[in-house]
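Q:
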């Protein structure tokens, strides 16, 4: 029998959905246990940071990192995991693009603290207490890590070998990627794995005609005909600017795509490609009317950059 | 010289949780602190978003209980638009939610908690995990656990689009009706889930209740807490997860309050401490009296145990039988034994499975009438569901165009922040005393005090097969490590 692979997985600024997506491969998880030893997965096995640090560089065959980077500890683990792993995979949209938690990058830490600890309506905080890096209590000093002002992508912090998209990744794609890893037939480094190179529209079950849009609608005021492209019917849908591979599961329950599978291979900025795809199908030549229709897209930042805000920042 | 035990990290969703235990010169525990070191700020970055997008955004608070956030959010946006969804839409939401409860409670009981009882609280570490459980109960049962959790995920995917991060609920109802084919699949899986729910209670009886050592442990003072009880109830004061009023029953078992979601600010407030990012909710009319138990303290819990204590019974027959047995065995209401929370969780699992079948057989469930278009001007709304790990409150305020101006969230485990702190201190005081050799087994028994809550600081630890790893460092007053005790 071939030597068992060594695998590690870490979660950072995330929700745990990526870990559930690994569980959702169901009985296949038992096959994974046969071919691989999980040397570090803080939520599943007892390996600690210290054990991770004690490994030799490159001793881990594949390291999975899910979640974005929002504090110094998460950055520290990213660096160690990079050093110890032959292959480092950004697992899920938060690690790849920043994900939903990176919407916090529209604001800053001070404004966040002001709201959460002072302005939120259920607060009872007459002394204006805020969490502190160090707190003196009668018995000693207690410490807390310091949050970063902005959420970062994993590849802003360390070099990443592969990106696995999705919020969370579809369990069938996860199973396929595991098969590829076991086979050793890996694509070139820097590749996106577990997703298609074509837009979600290619796997969408809805009928597409010539898209001409006169009005944008919101789902609560929308009468679906049950078969035509949702964008064509006036719902903002990121399908044309988003990779396929997700199984079109939101569309299956009549809800438009919000872009969790990230930008297409040739696109640098998913939001800009979505906006240009949508602008090109507005049914008007009158600049004033076009503006009126565009204004019906009430939250462009929240629709077009929901999963990828840090990716839009200029790389230095 | 006093000693300091640092339990760091207890791995949580966003990095790490921490426990600090301090002893006096004799080695008796004088205090313990539970710290949560992360904050993500959903309340802030939801501002400026169209309110109907919140049910699609807030599930990312927790990838293990996303349905809870999706539905609390959906109910809040219904309230913002003052729209009452058609009855089939509400039933469809509840059906998805029952499958969610089955998934979540299976994950916690079998993957995390069972090892402490099935294998033993002081069993060798290498065996005290899900694999050890499977070795004891058999591979067939292990396969059944995987199958039942998988079925529960499938039901959520059918109704919600995705099990993790559902998208189906919109202001006024649901985006898709259920087909007859789908209904049949769901019904079949539900019938099998009820059998599995009964199996779980049998397993608990055999493994735990027939072992006097475990029963003594459950009834011991160091694993009990004398605080108020919160839970959502229906119009007959029966446990309900999707809808109803929040009922608070005091330490003597008497009803203190029963409030509607929109009144929550009259009953609950949140205290802040500088050593944790997580706030401490308490009963506002009583007030924050510090980290103390008792009738005079404002501290309450919101757990499977508190929900049973806060209700008069279960709304389905088999779960009701289990409920009666629970109180007969443990000596009447309210039960204060933290470890009995595991038993309560299994009773809830059975209820969720029974309710799943009831809803799957409801003639309305395949109705096409699943959405009502809102007509009122949006303004403000509160939505409450009972999340697997505690009462979940979402409160939104919007402008007249439905753009979010303010969000306030009181999340499942947050309710239990103060109780978890108290439980850890009590267990540590009961276990670590002058002359105690602080072994790994002792350490695991401190761990058991918080594991009962299924702590979900951002909710994912409990879903993973394994256990929460711990290190205790024994330090001198200068912070130098004298001894390290590991749980692995």
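Chains as they are written, first to last, in the working numbering: chain H, 19 to 334; chain Y, 294 to 781.
Backbone N, C-alpha and C fix where the C-beta goes; we use that ideal spot for every residue, glycine too.
Remember, predicted model here, so these are calculated numbers, not experimental data.
Compute the minimum distance between the beta carbon of residue 560 of chain Y and the heavy atoms of the ligand FAD, and state whether it is under 7 Å.
A: No copy of the ligand FAD appears in this structure; indeed no ligand is present at all.
Q: Quick check on DSSP: helix, strand or coil for residue 747 of chain Y?
A: Reading the second chain from its first residue, position 454 is the one you call residue 747 of chain Y. Coil, per DSSP.
Q: Measuring alpha carbon to alpha carbon, tell me which residue in Y:597, Y:700, Y:582, Y:322 is nearest residue 157 of chain H.
A: The residue given as residue 157 of chain H occupies position 139 in the first chain. Ranking Y:597, Y:700, Y:582, Y:322 by Cα distance to residue 157 of chain H puts Y:322 first.
Q: Note down, in chain order, each residue of its chain lying with its Cβ closer than 7 Å to the Cβ of residue 165 of chain H, except the 5 sequence neighbours on either side.
A: Walking along the first chain from the start, residue 165 of chain H turns up at place 147. Same-chain partners within the cutoff: 88, 89, 127.
Q: Output the boundary residues of the beta strand (DSSP E) element that contains residue 574 of chain Y.
A: Counting from 1 along the second chain, the entry for residue 574 of chain Y is found at position 281. Element bounds for residue 574 of chain Y: 573-576.
Q: Could you name the residues of chain H that residue 359 of chain Y contacts, counting a contact when the two beta carbons are closer than 8 Å?
A: Here residue 359 of chain Y corresponds to residue number 66 of the second chain, with the count starting at 1. Ordered by position in chain H, the residues that pass the 8 Å Cβ test against residue 359 of chain Y are 33, 35.
Q: Applying a beta-carbon distance threshold of less than 8 Å, which residues of chain H neighbour residue 326 of chain Y?
A: Within the second chain, the letter at position 33 stands for residue 326 of chain Y. Going along chain H in sequence order, the residues near residue 326 of chain Y (Cβ under 8 Å) are 155, 160.
Q: Which residues of the segment 43-56 of chain H have a Cβ closer than 7 Å to any Cβ of chain Y? Give them in chain order.
A: Those residues of the segment 43-56 of chain H that come within reach of chain Y (Cβ to Cβ, closer than 7 Å) are 44, 45.
Q: What is the DSSP secondary structure of residue 722 of chain Y, reduced to helix, strand or coil?
A: For the purposes of this step, residue 722 of chain Y is identified with residue 429 of the second chain, where counting begins at 1. Residue state, collapsed to three classes: helix.
Q: Leaving out five residues on either side along the sequence, give the residues of the same chain with a beta carbon under 6 Å from the beta carbon of residue 311 of chain H.
A: Looking up residue 311 of chain H in the first chain gives position 293. Hits under 6 Å: 300.
Q: Three Cβ pairs or more, each shorter than 8 Å: is that satisfied between the segment 235-245 of chain H and the segment 178-196 of chain H?
A: With the cut-off at 8 Å, the segment 235-245 of chain H and the segment 178-196 of chain H do not touch.
Q: Does the beta-carbon distance from residue 183 of chain H to residue 217 of chain H come in below 8 Å?
A: For this step, residue 183 of chain H is matched to residue 165 along the first chain. For this step, residue 217 of chain H is matched to residue 199 along the first chain. No. Outside cutoff.
Q: Closer than 8 Å, CB to CB, is residue 568 of chain Y near chain H or not?
A: Here the question's residue 568 of chain Y lines up with position 275 in the second chain. So, interface residue.
Q: Residues in the segment 256-285 of chain H with C-beta within 7 Å of chain Y's C-beta atoms, listed in sequence order?
A: For the segment 256-285 of chain H, which is checked against every Cβ of chain Y, the residues closer than 7 Å are 267, 268, 270, 271, 272, 273, 276.
Q: Apart from the five residues just before and just after residue 550 of chain Y, which ones in its own chain have a Cβ nearer than 6 Å to its Cβ?
A: Start at 1 with the first residue of the second chain, and residue 550 of chain Y comes out as number 257. The answer, listed in chain order, is 541, 560.
Q: Please report the straight-line C-alpha distance between residue 456 of chain Y and residue 727 of chain Y, rounded to a whole angstrom.
A: Position 163 of the second chain holds residue 456 of chain Y. Position 434 of the second chain holds residue 727 of chain Y. Their backbone Cα atoms lie some 50 Å apart in a straight line.
Q: Kindly provide the ranges of any alpha helix (DSSP H) runs that are 4 or more residues long and lie completely inside the segment 435-502 of chain Y, ordered along the chain.
A: Correct list: 473-497.
Q: Grouping DSSP H, G and I as helix and E and B as strand, with all else coil, what is residue 319 of chain Y?
A: Counting from 1 along the second chain, the entry for residue 319 of chain Y is found at position 26. If DSSP states are grouped into helix, strand and coil, residue 319 of chain Y belongs with coil.
Q: With H, G and I counted as helix, E and B as strand and the rest as coil, what does DSSP make of residue 161 of chain H?
A: Numbered from its first residue, the first chain carries residue 161 of chain H at position 143. In this structure, residue 161 of chain H counts as strand in the three-state DSSP scheme.
Q: Using beta-carbon positions only, say whether residue 8 of chain H and residue 337 of chain Y come within less than 8 Å of one another.
A: Chain H is shown from 19 up to 334; residue 8 of chain H falls before or after that span and cannot be answered.
Q: Could you please tell me which residues of the segment 96-114 of chain H, in chain order, have their CB closer than 9 Å to any CB of chain Y?
A: Correct list: 112.
Q: If you measure beta-carbon to beta-carbon, which residues of the segment 594-625 of chain Y are closer than 7 Å to chain H?
A: Listed by position, the residues of the segment 594-625 of chain Y near chain H (Cβ gap below 7 Å) amount to none.
Q: Ordered along the chain, which non-local residues of its own chain (more than five positions away) have a Cβ less than 6 Å from that of residue 614 of chain Y?
A: Here the question's residue 614 of chain Y lines up with position 321 in the second chain. Same-chain partners within the cutoff: there are none.
Q: Would you tell me roughly how many angstroms separate the C-alpha atoms of residue 445 of chain Y and residue 706 of chain Y, rounded to the nearest one?
A: Within the second chain, the letter at position 152 stands for residue 445 of chain Y. Within the second chain, the letter at position 413 stands for residue 706 of chain Y. Each residue's alpha carbon lies about 22 Å from the other.
Q: In the structure shown, what three-state DSSP assignment does residue 170 of chain H receive?
A: Residue mapping note: residue 170 of chain H aligns to position 152 of the first chain, counting from 1. Strand.
Q: Excluding the 5 residues flanking residue 533 of chain Y on each side, which residues of the same chain have their C-beta closer than 8 Å to its C-beta?
A: As a working note, residue 533 of chain Y is residue 240 in the second chain. The residues are 525, 526, 527, 608, 679.
Q: Check the Cβ of residue 246 of chain H against every Cβ in chain Y and list those closer than 9 Å, keeping chain order.
A: Stepping through the first chain from its first residue, residue 246 of chain H is reached at position 228. Residues of chain Y passing the Cβ test: none, with the nearest at roughly 15 Å.
Q: Identify the contact partners of residue 476 of chain Y in chain H, using a Cβ-Cβ distance below 9 Å as the criterion.
A: As a first step, residue 476 of chain Y is located in the second chain; it is residue number 183 there, counting from the start. Near residue 476 of chain Y there are no residues of chain H at all, since even the closest Cβ is about 15 Å away, more than 9 Å.
Q: Where DSSP assigns a beta bridge to residue 683 of chain Y, which residues make up the other side?
A: Position 390 of the second chain, counting from 1, holds the residue named residue 683 of chain Y. Answer is Y:680, bridged to residue 683 of chain Y.
Q: Taking only beta-carbon atoms, is residue 175 of chain H less than 8 Å away from chain Y?
A: Along the first chain, one-based indexing puts residue 175 of chain H at 157. It does not; no Cβ of chain Y falls within 8 Å.
Q: Mind checking if residue 338 of chain Y is an interface residue toward chain H, Cβ cutoff 8 Å exclusive?
A: Working through the second chain from its first residue, we reach residue 338 of chain Y at position 45. True, the Cβ-Cβ gap to chain H drops below 8 Å.
Q: What is the C-beta distance between residue 587 of chain Y and residue 544 of chain Y, in whole angstroms, given that I count them as a contact (C-beta under 8 Å)?
A: Numbered from 1 along the second chain, position 294 holds the residue referred to as residue 587 of chain Y. Numbered from 1 along the second chain, position 251 holds the residue referred to as residue 544 of chain Y. At roughly 7 Å, the Cβ-Cβ gap stays under 8 Å, so residue 587 of chain Y and residue 544 of chain Y are in contact.
Q: Using Cβ-Cβ distances below 7 Å, what residues of the segment 550-576 of chain Y are close to chain H?
A: Within the segment 550-576 of chain Y, the residues whose Cβ lies closer than 7 Å to some Cβ of chain H are 558, 561, 562, 563, 564, 565, 566, 567, 568, 569, 570, listed in chain order.
Q: Classify residue 640 of chain Y as helix, strand or coil using the three-state DSSP reduction.
A: Translated into the one-based positions of the second chain, residue 640 of chain Y becomes position 347. Helix, per DSSP.
Q: With H, G and I counted as helix, E and B as strand and the rest as coil, what does DSSP make of residue 132 of chain H?
A: Within the first chain, residue 132 of chain H is the residue found at index 114, counting from 1. DSSP places residue 132 of chain H in helix when its eight states are reduced to three.
Q: What residues in the segment 457-477 of chain Y bring their beta carbon closer than 7 Å to a beta carbon of chain H?
A: Per Cβ criterion, the list reads 457, 458, 460, 461, 463, 464, 465, 468, 469.
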